[in-house]
Structures are given as C-alpha cells and as structure tokens.
Amino acid sequence: MTADRAVLEQALERGEEEGGPIEFKERLSRNVHLVDGRMESLAAQLRHRVLSGDGEATYVVGVTDDGHVAGIEPSAFSESMDVLSLLAEEAGAHIEEVETWGVGRDDENGLVGVATVCEGAILDTDDTHIVVGTAGHVDHGKSTLVGTLVTGQADDGQGGTRSYLDVQPHEVERGLSADLSYAVYGFDESGPVRMDNPHRKSDRARVVEESERLVSFVDTVGHEPWLRTTIRGLVGQKLDYGLLTVAADDGPTKTTREHLGILLATELPTMVAITKTDLVSEDRIEEVERAVERLLRDVEETPLRIERHGVSVAAEEIGDVVPILRTSAVSGAGLDVLDDLFERLPKTNGGDGDFRMYIDRTYAVTGVGAVASGTVNSGTVEAGDDLLLGPMSGGGFREVEVRSIEMHYHRVDRAEAGRIVGIALKGVAEREIERGMVLLPADADPTPVREFEAEVVVLNHPTRIGTGYEPVVHLETISEAAVFRPEGGHLLPGDHGTTTVEFKFRPYLVEEGQRFVFREGRSKGVGTVTDVSPSS
C-alpha cells in the first residue's frame with residue numbers, strides 16, 4: 021500500500037451516485053465491453069460522468085458495484101486500462117492519471133486502481149518542442165539552475181531546487197547527481213508555463229498540456245566518475261542544444277573543457293551560462309567571462325556575450341557563435357534572458373523518415389507492464405502501433421505493441437521526433453529490454469551488426485592507438501566495449517583515420533552517418549559510421 025491510498029478510500033466512501041462523477045468497475049474486457057452497441061453505451065455513460073464532475077470523472081477498477089475491493093490480476097487490470105482509454109477517446113476525453121495498489125495478502129493477490137478521466141482529447145504533440153542537454157563540472161549549478169528555471173522558485177543557496185528534477189532519493193540526500201534527470205517547462209501566449217508543485221507528476225503533465233511550446237531538459241552528471249553517463253546523455257538523446265554551466269566562484273575546470281569538447285564533437289549548438297553570480301564581485305564575473313571566451317577561442321569557437329549583443333542575435337546566430345550569459349538561481353538574475361532565449365530558439369533536430377527510437381531506460385509500471393523510455397529519433401509513433409524491438413542478444417527482433425505513450429507524465433496518443441517519451445509495450449517483459457535496443461515499425465527489415473567501418477579523430481591518447489585497442493563506444497544510447505582495427509595499423513593523437521570497430525559482446529543496429537564518441541581512461545575521440553557490414 022502507499023500513503024496515497026487516501027485517494028482510493030475517498031472514492032469508496034463517496035461511492036457511485038446516479039449521475040455522479042464516480043464509477044466502479046470490477047474489470048473491463050475487449051470481448052465484452054467493446055462489442056457493437058455496448059461500447060457506445062459505455063462511452064455515453066463515461067461522458068455523462070465527466071460532465072457531472074465538471075470535466076473530471078473517477079473510475080475505480082478492481083471494485084464491485086457495491087464497493088467491495090476485489091482486486092484483479094495485473095494482466096486483467098492492464099486490459100481494463102486499455103479498454104477505458106478507448107472508451108474515453110470515444111467520449112472525447114482522456115485518462116489523465118492512474119494510481120494502483122496491491123490488495124490481498126502481502127498486496128500480491130490483485131490490483132485495484134483509480135483512474136482520473138478528464139474532458140478533452142489527448143494532447144497532440146505537434147507544437148514546437150526543443151530538447152536541451154546540460155553539462156558542466158560538479159557543483160557548478162546545472163540541476164539547480166534548471167530546477168529554478170522550470171518552477172520560477174528562487175534557490176535557497178544550498179541547491180534545493182535541484183530536487184525538482186526527476187532525481188532519485190539518494191541523489192537528493194547526497195546533493196550529487198549519479199544519473200540523467202529530466203525536467204520540462206513551456207510557453208503560451210502569456211509567457212512561461214512553469215510547475216507549481218514539481219513533486220507531483222500531474223503538475224508536469226499540466227505544463228505539457230497547457231503549453232504551446234515546450235522545452236525539455238536532459239540534465240547530465242558533472243562528477244568525473246560518471247563521465248560515461250554524461251556522454252550517454254549528450255550522445256544518446258536527440259538534443260537540439262547544449263547548455264554548459266560554469267560557476268562564477270570557480271571558473272572553467274578540466275571537466276568544463278571535457279564536457280565542452282563532447283558538446284562540440286557532436287556538433288551541438290551550445291550556450292554557456294555563468295552561474296552563482298550572486299556569490300562574487302563584478303570583477304570576478306568579468307574574469308570568468310574572459311576565461312570562458314579564451315576557452316572557446318582555443319577550440320576555434322566564437323563567443324558572444326548576450327549582455328552586449330542581445331537575445332535576438334544570440335538566437336539567430338547560435339551554432340556559428342556560442343552565446344554567454346550571467347545567471348543566478350538565488351537572485352534570479354539572467355532567468356528572464358534564458359526564458360526569452362528558449363522561447364525564440366528554433367528546433368534544430370528534425371526527424372524525417374520512419375519511426376525509430378533508441379532505448380535509454382526501462383522500468384515496469386504496475387498494471388501497465390514494461391515501459392521503454394528514450395527520445396524519438398525520427399518519424400512518429402501512436403498508441404496501438406505494432407513495432408519491432410531489438411536486437412536481442414542473438415540478433416533477432418521481437419514483435420511488440422504500443423500500449424500507451426507518456427511525455428513527462430502526460431498521456432499522449434502520438435509522439436514525434438525529438439519527444440522524450442515512455443512507451444508502454446505489450447508482448448515483452450521489462451527484464452528483456454536493454455539500453456541500446458531500438459524500436460522500429462513492424463514492417464522494417466533491420467540488419468544488426470557486430471562491426472562497422474568509421475572515420476575517427478583521436479582527441480587525446482598517451483601513445484598510439486593500435487590494432488586491438490578496446491575503448492567504450494557511445495553511439496545513440498549504445499555504450500559497449502569495442503575493438504578497433506585501424507587502417508595502417510595505428511592512429512596517433514590528433515590523427516584523422518579509418519578503422520574497423522567491432523562490438524565485443526553482441527550486435528546492435530548501426531547506420532551510416534551516425535556519430536559516436538569513444539573513451540578509455542583518459543583517451544577519447546569521436547567518429548562517424550561510414551560503412552555498415554552485416555555480422556557473419
């Protein structure tokens with residue numbers, strides 16, 4: 021049971037009323053409740069419940085008509101939610117939120133759930149949506165800046181607003197991110213749409229529903245031991261822009277340079293936010309700005325101070341220049357500039373072609389099943405679509421069905437390229453899904469590979485790279501050990517060259533033109549896939 025069981029108890033206490041907004045259902049099934057005539061009748065009933073509740077109805081599933089909590093098997097509950105979703109769609113409504121509880125001995129005998137059904141069709145996500153990846157040294161205020169930006173709430177000076185992102189409890193306790201986290205805010209005709217209560221999933225869903233333009237953040241990890249996770253966030257997500265933070269009380273560090281190198285190597289238009297300006301003098305801020313400008317010029321990038329040239333110039337020229345601005349999550353300095361910039365920035369990462377999504381995370385939801393999360397690389401996906409999942413360890417693909425789609429906890433009926441989504445899948449268990457797998461249309465004919473040819477640039481290496489060199493390759497969401505066999509036998513630091521790359525343990529779906537980062541210890545480089553050869 022959870023603390024939120026009060027929601028269930030309140031619904032049971034109120035009970036069903038003739039013409040009221042609460043409906044009890046023990047279960048819903050396709051072959052009973054979706055047949056001709058029956059579906060129309062139930063959709064009309066749902067519509068009536070929604071209207072009587074001023075646009076919101078409550079469906080309690082796993083409960084008999086007299087209010088007895090019976091509980092149903094997870095598979096039956098999942099089917100019931102599918103049927104309820106179709107009934108809501110027929111009635112011009114949508115499922116906003118579902119809460120579930122286990123009932124019976126040890127909460128394992130069955131499920132009961134409360135579904136909130138709201139008026140209006142599910143949001144279509146055609147609106148402009150940009151995705152921004154953050155980077156920067158640990159304690160340089162990435163997560164705090166984003167947390168303050170998406171809520172409009174000033175930080176307490178101790179990084180309190182970083183807890184407003186999707187972070188784990190142990191990360192909050194330590195004040196140290198150990199995995200990717202996510203946040204969102206948006207804009208409507210009146211200006212920014214921010215979260216009022218970031219700890220409620222429904223508030224994130226509200227932002228998605230109300231905004232005409234969305235900005236999603238993929239917040240990476242600044243601590244050196246988790247550089248692999250940072251690379252995964254910057255390479256594996258379909259980002260439009262990079263946001264590099266540099267603390268005014270510390271200035272650029274080795275990690276700052278490393279993260280900047282990854283952003284630029286992946287050809288991501290980047291901006292730099294100088295954070296914590298409330299802690300230092302004007303002279304110190306100027307000193308750090310000059311240090312950032314030198315760092316950019318050292319890698320042949322052109323810095324542009326927004327304070328001097330304006331937001332419109334920065335938005336138009338980003339990619340050819342790297343905009344720099346001053347910010348403080350405590351005083352709020354620079355947040356209006358970031359708002360203005362994010363509202364103007366165009367989407368850079370299109371996604372024409374068939375649907376494709378590389379999987380970054382997996383989890384299981386009670387009553388729903390396996391969920392694969394990631395950023396849609398190309399095309400569109402809709403609830404009910406048949407897809408292929410793989411490659412599995414042996415190289416094959418599994419047929420699955422899209423049960424439902426969520427974007428920042430808001431249920432949507434379709435998702436386009438660039439959307440960060442969780443896709444609930446039917447036909448596969450969560451334990452069978454791995455990061456680096458891909459979802460494709462059911463009629464695709466994918467050929468996974470164990471090796472491919474690539475053009476690479478060695479950015480840093482203590483000696484030379486020879487045949488048998490084994491770095492970790494980061495390509496899309498793939499992070500896998502690989503063996504290099506350079507043309508000519510070796511590559512030196514600074515060299516451009518051709519090499520065969522062979523995954524050590526299993527095949528993946530790799531396509532020509534994809535860029536990747538490779539790393540081993542202090543050695544690193546970037547590459548582009550030039551030729552794909554089927555594994556033998």
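For reference, each letter of the sequence shown is one residue, going 21 to 556 in our numbering. Every residue, glycine too, gets a C-beta built ideally from N, C-alpha and C.
C-alpha gap between residue i and residue j, whole angstroms
i: S197; j: E99; result: Low per-residue confidence applies at S197: pLDDT is 42, beneath 50, and the placement is therefore not dependable, though the value from the model is reported in the following sentence. Roughly 37 Å separates the two Cα atoms.
i: G330; j: G172; result: 22 Å
i: E490; j: T286; result: 21 Å
i: R226; j: P212; result: 13 Å
i: V396; j: E302; result: 43 Å
i: M412; j: R214; result: 40 Å
i: R381; j: E500; result: 15 Å
i: G75; j: V388; result: 25 Å
i: E402; j: V292; result: 36 Å
i: F417; j: L408; result: 6 Å
i: V441; j: A113; result: 21 Å
i: E419; j: L445; result: 10 Å
i: S183; j: V266; result: 20 Å
i: L365; j: L62; result: 45 Å
i: S332; j: K296; result: 24 Å
i: G354; j: A77; result: 42 Å
i: H516; j: E116; result: 52 Å
i: G404; j: V166; result: 34 Å
i: L512; j: G414; result: 35 Å
i: R317; j: G352; result: 29 Å
i: E110; j: V55; result: 13 Å
i: M427; j: V478; result: 38 Å
i: V206; j: E139; result: Note that residue 206 corresponds to Gly in the displayed sequence, not to Val. Straight-line Cα distance between these residues: approximately 22 Å.
i: E307; j: G271; result: 9 Å
Cβ neighbour criterion (16 or more within 10 Å) applied to residue i
i: G488; result: exposed
i: S424; result: buried
i: G456; result: buried
i: K45; result: buried
i: D465; result: exposed
i: S236; result: buried
i: Q534; result: buried
i: V564; result: Nothing can be reported for residue 564, as the shown portion of the chain is limited to 21 through 556.
i: T322; result: exposed
i: E532; result: exposed
i: E274; result: Reading the sequence as shown, one finds Lys at residue 274 and not Glu. That one is exposed.
i: E436; result: buried
i: D159; result: buried
i: H53; result: buried
i: Q528; result: Checking the sequence, you will find Tyr at residue 528 rather than Gln. Classification for Y528: buried.
i: A203; result: buried
i: Y378; result: buried
i: F525; result: exposed
i: V494; result: Looking at the sequence provided, one finds His at residue 494 rather than Val. Burial call: buried.
Opposing strand residues paired with residue i [DSSP bridges]
i: Y383; result: V391
i: M377; result: V396, L459
i: R505; result: T520
i: P466; result: Per DSSP, none; premise fails for P466.
i: D208; result: G211
i: F44; result: V80
i: F472; result: V521, V552
i: H430; result: M427
i: A353; result: DSSP lists no partner for A353.
i: R224; result: DSSP output for R224 lists no bridge partner at all.
i: G545; result: V478, F538
i: G486; result: H510
i: A203; result: F237
The beta strand (DSSP E) enclosing residue i, as first and last residue numbers
i: G122; result: 113 to 123
i: F536; result: 535 to 540
i: H149; result: 148 to 156
i: S231; result: Unbroken run through S231: none, as it is neither H nor E.
i: L408; result: 406 to 410
i: K446; result: 440 to 446
i: L495; result: 492 to 495
i: V266; result: 261 to 267
i: T240; result: Premise fails: T240 is in no beta strand (DSSP E) and is neither H nor E.
i: T295; result: 290 to 295
Unbroken alpha helix (DSSP H) run spanning residue i, endpoints
i: R182; result: It is not in any alpha helix (DSSP H) - R182 carries neither H nor E in the DSSP assignment.
i: L169; result: 162 to 171
i: I282; result: 274 to 285
i: H68; result: 58 to 72
i: A108; result: 94 to 110
i: H53; result: 50 to 53
i: V134; result: Run containing V134: none in the alpha helix (DSSP H); it sits in the beta strand (DSSP E), 130 to 139.
Chain C contact for residue i (CB, 8 Å cutoff)
i: I498; result: Given the protein chain composition of this structure (a single chain), no chain C is represented.
Next item on the list: Any chance you could list the alpha helix (DSSP H) runs of at least 4 consecutive residues sitting entirely within the stretch 303 to 348, in chain order?
Entry: 326 to 329, 331 to 337
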